[in-house]
Structure formats: structure tokens, C-alpha cells
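Undergrad:
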Amino acid sequence: MSIRLSAEQAAFLQGPLSINVGAVGRDGWPCVCRAQGALVARDRRTLTVLLAAERGREVLAALDAGSGIAVVFSHPATHATLQLKAPCATRVAPNSAHHACHARYAAAFGGELGALGYGDELVRGLTALTAAGDLAALRFAPEIVFDQTPGPAAGRVLAAA
Amino acid sequence: MKPTLESLRACLDGAVPAVIATCAADGTPNVAYASQVHYVDAEHVALSYQFFSKTRENVLAHPYAQVQVVEPGSFRHYRLRVQYLRTETGGPLFQYMKAQLAGIAAQSGMGKVFVLRGADIYRVLDIEAVDPRLPPAPPPPDALLRLRRTLDHLGACDELAQLADRALAALTPGFGIRHALLMMLDEAGASLYTLASLGYGHSGIGAEVALGKGIIGVAAHERILVRINHRTGDYAYHAALRTAATNEPRIPLPVLAEPHSQIAVPLMHADRLLGVLYAESEHDAFFSHADEDALAIYGRHLAALVAQLAALPDDAEPLPAAATPAPTGAPLAVRYFPDDHSVFIDNDYLIKGVAGSILWTLLNEHAQSGRRDFCNRELRRDRRLPLPDGGDNLETRLILLQRRLAERCPAIALEKTGRGRFRLVLDRPLALHAML
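Quick mapping for you: the protein sequence lines, in order, are chains H and L.
The working numbering applies: residue 711 is where the first sequence begins, and numbers increase by one.
The working numbering applies: residue 5 is where the second sequence begins, and numbers increase by one.
Here it is as C-alpha cells:
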């Protein structure tokens, strides 16, 4: 049973955030990969995260093998952080909306990092992470949302199925 | 070829936050940000433990994790497969991470919530270069060349006062360092005092830092080099440098109000701590890992030179007294407080401790016998002075006293007349008052 994200959460998750996807491989090793963009479905019950397939092959293999998914979203300027978890994720074929989202994200997140003084090299590096034609899209229905903003309240459950 | 952990040290400075993926007992993944991933040695890293988190719960149950770090300047990612080994809650590594965390916390405006509870030690089992096709970050300046240039500027020094000044001045052409302090350990080993400074509005000669306080005190107490590459803002690591017991006379440290990078290098000779070399900058990430290595070597070199100069034999006797006219004018009131050996000139604080006691002894000797010429050897034997056996620090205390007098009371001067010999020169008559 999935939860319905609040409108504020949906807006936050689609912002210029640092996004990292975690899974656990068949061998029991946890693995992580940076994602570049997220799209929340209109009903706010599922979302799709976008990542470079080549860079994320370990995470994708773990999810293909049935691992649960954990995705952490963090706003670099404020450290406001959410973690969403679901028991599984499905790979979907990237469509034009996904490609547009990815391009938008790279520009917005690059701008966010630039404003924080990270420099042009880092912004260029960020946009070079995903080669053309290498985009993977992972759809999942979150069952639990945690507040993970650093501090003693980190880990508080904000919504659960 | 697999990257080595050593080659990833630039990724471990916290410029781009690292993330750690762990696995719960039921197989659920968890991803969290790691405030610090600290390079321990070629096979180990340490992560900061601040709160009892899901990450911690997971690694205690299932010790295998993956840490993703990012190279600043290139955005190349690396993934480290790590195994949790143990948590350290004290000792040099813990203190280093505590000091560094203070810098990270202040940079992120989270000083109040970032308190280190432990240093979690992990063994690094495998490293994956995620972005081998991305160009590497431009290399930092060659630290070995910087060190060599610094040593060239240091040159040969045949006395301690000269060494103290040149040791700091050489850092500017060498490393581009514009603000630095040379601090020496006091006789009791409880605090450090400033012997020389570089690049501040006031010299701060004689300013003290207690062992264990601030980045300088931690470096001395733990005998470790501490490097903080972010602004420390209002956090205690900086504040402790600037505040002391307010009811005691003191000389303020001249440090920058908001340094963005700091490094404190213990001056170790064999197993002895002689002092701390401190440098800071207004720029973030000013000191690279390679600079840290080079400055650690420079610290050892300076400590060896200090020890070598301190061990040179003094001239045997004071020079024979030369007749001089008695000073004229209104007498300066010199007040001495035996409790802490503090000396005030016309109500202005001058100095305390060993240096205060030396000055008081010299002035009394002069008042009673008219003597002006003295030597270190007789001071070492003088039971009125709170010097430990051997009086190793005597020369640095005399330099401190000489510099404080030159800054605050030029009417009283100490002039060097030979190795371990000096002359008391008075431009004004003195009225001595012991405040018993």
C-alpha cells in the first residue's frame, strides 16, 4: 500500500536537489548511485527517478533482482533532506518527459551548485555524468517518508503506509 | 587499475558531501549523508558518529556498507566498499575529527547539532572509479616544491630569535601563507605562548593558548597536525583561541576573526613537543592534503633547528660592566604580583609567568647593585626563577620578554651582547613595587 505525497513534498522532490538511490545486491552488499532528476506522478503516489544506466548498473542490477529501494533527496543550500523507501522499483523506458526532466534538472542543479560557489568545473562534471542514450528511469511507489535533515530529529517518519 | 585510497584524499575533505548506503537486518537499504569521511591510512577511513542513526543501527547489525565520495573540481565519483570495525571515542583521531567537524558544522550553519560522539573506523575493501572518462581535477600546487622554496628562504639561522621570524616569513614565498603564529610550549606543559607572528595588525607576542583548547591547543595536546578547510565561525574551535579567563591580564591572540582555512602543526623533536606552528587563510580549502604533508615535514625541521640552537653552549660570564649615566626623567612605576609573576608598567599589563619573573629579578638586581650585564647561565641557577631543571625554555622566554618590552615599554630594553649574554638598558628611572 503506497502513500500519497503531500503537494509540498512533491514540489520539493522535483527541485534542484542532490539525489542518491540505494539498494542491496543479491550478495548482501548495499550500493548507491547518484540520480539526476525526479518526476512525481500526478496522483503523487509514484515517482520516477532518472539516472545514468552505466554509472548505476550495480543499483539497477540489485533492483532487478528484487531489492527494496531507498532514495535520499537533499537541498544543498539548506540541508533539508527527505528519504523515501519502497519494497521494489520498476525500470521503465525513458520517454520524452523523462529526457526533458533530466535536462531541466541538470541546468537547475548546476545553477544551485554554482550559486554555492562550487565552480564551473563541478557544474560541467555534473552535466557530463550522463552520456546521451544512457538514461535509466526507475518508478516506485514510496511506502515511507523520513525527514533526514541533519540533527537529532533526523529519522523521523513523516508519512507511512 | 584500481584507484588507491591515498589518491582519493582530495575527495575526503568534505567539499562535496559523501553518502553511505547500508543494509538493515531485514534487507532494507538505507542511504544517508556522511558529514565526514576521514582518511586514516592506506586501508582505513573513519566516519563521524554524531547521532544514533539508521546508518549506525544498520552497520552494527550488518557491518558492510558502500560510501560514495566525489572529487571536488572534477565531480568524478568513487565508491568505496567498506566494513565497519570499531568506534573510537577519544585519542588523536577522535580529536582531529572533532576539530574538523567543527569547521564543517560552522560552514553549514549547524554548529549546535554537529557534536562528535565517536569516530567509526571502517576498512576499505574495494574502490570503484565511477567516472573514468571524466577529466581529472587540475592538480594542486606542487607541495614538495613549496617546501623546498620555504627552506631556501629560511636559510641558515644561528640564533633563536632570527629562526622564529624567518620560520614564518619563509611561508609566504613558499606556500603563499600570509597569517601565521609560532607558539612555544611553556615550562609546565600546560599552555603555549606566542613567540612570533606574521601578518597581523598587532603582533600578539606573549599571547597564550591552553593545551586542548581551540585548534592550536588540540594539535599540541594530541600531538597531531589538525587541518580545517572551512570557516569555523562562532564555534568553540575558534572562540577558544580568542577568549581566556577575563579577570586575568592577558594579551589577545591576533588571529583572523573568521578564518576559512586553518592548520596547526605540532613541532616535535624526537618525542618532545616544543610548540605549534599555526597558519590560517581567508580562503576556503587553502591547504591541500599535500600541503599538510609538506608542513608536517617543515614542523619537524623547525623543531630540530630549535632544539639544536637551544643546545648550543652559552658564553661563560657576563660582560664586565661599562659605566653609563643614570637615566633621568619621571620614574616608571613597575608593579609585580608574585602570585602569577605578572608585571605592570604604569598600570599597563606587560607580561607574566617565567618572563615576568625574569624581568622582576633583573630589575631588582640592577636596583641593588647597579649591574646591567647578565648571562643565561646565572639565570638558570637562580632559585628565584620558576624554571624547571635545565631551563630549556630560557632563551625563548628572553626573546618573548625582549619583544614585549620593545612593543610596550621601550624605556626598558634587553640587548643581546653574546650567546647567552644580554644587557639591561634603561631610559627612565624605575620605581619598583612588589604587590605582596
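Where is the CB? At the ideal position from N, CA and C, for every residue including glycine.
#1: Using the Cα positions of residue 144 of chain L and residue 296 of chain L, report the straight-line distance between them to the nearest angstrom.
#2: Measuring only between beta-carbons, confirm whether residue 359 of chain L sits less than 8 Å from chain H.
#3: Let's see if you can read the secondary structure: which residues bound the alpha helix (DSSP H) around residue 161 of chain L?
#4: Express the C-alpha separation of residue 439 of chain L and residue 339 of chain L in angstroms, rounding to a whole number.
#5: What did DSSP end up calling residue 102 of chain L once you bin it into helix, strand or coil?
#6: Could you have a look at residue 278 of chain L and say whether DSSP puts it in helix, strand or coil?
#7: Give the straight-line distance between the Cα atoms of residue 172 of chain L and residue 293 of chain L, rounded to the nearest whole angstrom.
#8: Looking only at C-alpha atoms, which of L:334, L:37 and L:366 sits nearest to residue 861 of chain H?
#9: Less than 8 Å separating the beta-carbons of residue 273 of chain L and residue 300 of chain L?
#10: Kindly examine the ligand SAH and report whether one of its heavy atoms sits closer than 7 Å to the Cβ of residue 439 of chain L.
#11: Chain L partners of residue 712 of chain H, CB-CB under 7 Å?
#12: Closer than 7 Å by beta-carbon distance: list the chain H residues that pair up with residue 87 of chain L, in chain order.
#13: Could you say which of L:60, L:255 and L:152 lies nearest to residue 27 of chain L if we only look at CA atoms?
#14: At a Cβ threshold of 8 Å, is residue 853 of chain H touching chain L?
#15: For residue 386 of chain L, which of L:44, L:314, L:105 and L:365 has the nearest alpha-carbon?
#16: Which one of H:731, H:716 and H:844 has the shortest CA to CA distance from residue 808 of chain H?
#17: As a quick exercise: from H:776, H:758 and H:839, pick the residue whose alpha carbon is nearest that of residue 847 of chain H.
#18: As a quick exercise: from L:270, L:67 and L:206, pick the residue whose alpha carbon is nearest that of residue 228 of chain L.
#19: Between residue 771 of chain H and residue 33 of chain L, is the Cβ-Cβ spacing less than 8 Å?
#20: Using a cut-off of 7 Å between C-beta atoms, extract the partners of residue 864 of chain H located in chain L.
#21: Given residue 54 of chain L, which residues of its chain have a CB within under 7 Å of its CB, disregarding the five upstream and five downstream residues?
#22: Return no unless some Cβ of chain H is closer than 8 Å to the Cβ of residue 33 of chain L.
#23: Looking at the strands, I want to know which residues DSSP matches up with residue 285 of chain L.
#24: Is it the case that the region 254-263 of chain L contacts the region 280-292 of chain L, given that we only count it when at least three CB pairs across the two stretches are under 8 Å?
#25: When you compare each of L:256, L:96 and L:162 to residue 422 of chain L by their alpha carbons, which one comes out closest?
#26: For a test of the three-state rule: what should DSSP assign to residue 170 of chain L, helix, strand or coil?
#27: Put residue 183 of chain L into one of helix, strand or coil per three-state DSSP.
#28: How would you label residue 10 of chain L, buried or exposed, when you count the other beta carbons within 10 angstroms and need 16 or more for buried?
#29: Can you give me the start and stop residues for the alpha helix (DSSP H) that residue 380 of chain L sits inside?
#30: Does the Cβ-Cβ distance between residue 279 of chain L and residue 138 of chain L come in under 8 Å?
#31: Mind listing which residues of the region 123-152 of chain L have their C-beta closer than 9 Å to chain H's C-betas, in chain order?
#32: Would you kindly work out how many angstroms separate the C-alpha atoms of residue 406 of chain L and residue 76 of chain L, rounded to a whole number?
#33: How many whole angstroms separate the CB atoms of residue 219 of chain L and residue 268 of chain L, which I take to be in contact at a CB cut-off of 8 Å?
#34: Would the region 852-867 of chain H and the region 740-748 of chain H be scored as touching if the rule is three or more Cβ pairs under 8 Å?
#35: Can you tell me the Cβ-Cβ gap for residue 66 of chain L and residue 22 of chain L, rounded? I've got them flagged as a contact below 8 Å.
#36: According to the neighbour-count rule (16 or more other Cβ atoms, all chains shown, within 10 Å of its Cβ), is residue 205 of chain L buried or exposed?
TA: Straight from the coordinates:
#1: 12 Å
#2: no
#3: Boundaries cannot be given for residue 161 of chain L, as no alpha helix (DSSP H) includes it and DSSP labels it neither H nor E.
#4: Going by the C-alpha atoms only, they are around 7 Å apart.
#5: helix
#6: strand
#7: 20 Å
#8: L:37
#9: no
#10: Looking for the ligand SAH in the displayed structure turns up nothing, as the structure carries no ligands at all.
#11: What residue 712 of chain H touches in chain L: nothing, since even the nearest Cβ is about 16 Å away.
#12: Simply none; closest approach about 10 Å.
#13: L:60
#14: no
#15: L:365
#16: H:844
#17: Relative to the Cα of residue 847 of chain H, the nearest Cα in the group H:776, H:758 and H:839 belongs to H:758.
#18: Nearest C-alpha to residue 228 of chain L: L:270.
#19: No, these two residues do not count as a Cβ contact at 8 Å.
#20: 55 and 57, listed in chain order.
#21: 39, 118, 119, 120 and 121
#22: yes
#23: L:265
#24: Verdict: yes, contact present.
#25: L:162
#26: helix
#27: strand
#28: exposed
#29: 380-385
#30: Result no, Cβ atoms of residue 279 of chain L and residue 138 of chain L do not sit closer than 8 Å.
#31: 132, 134, 135, 137, 138, 139, 141 and 142
#32: Approximately 47 Å between the Cα atoms of the pair.
#33: At roughly 5 Å, the Cβ-Cβ gap stays under 8 Å, so residue 219 of chain L and residue 268 of chain L are in contact.
#34: no
#35: Contact check for residue 66 of chain L and residue 22 of chain L: beta-carbon distance about 19 Å, past the 8 Å limit, so the pair fails to qualify.
#36: Exposed is the label assigned to residue 205 of chain L, since fewer than 16 other Cβ atoms lie within 10 Å of its Cβ.
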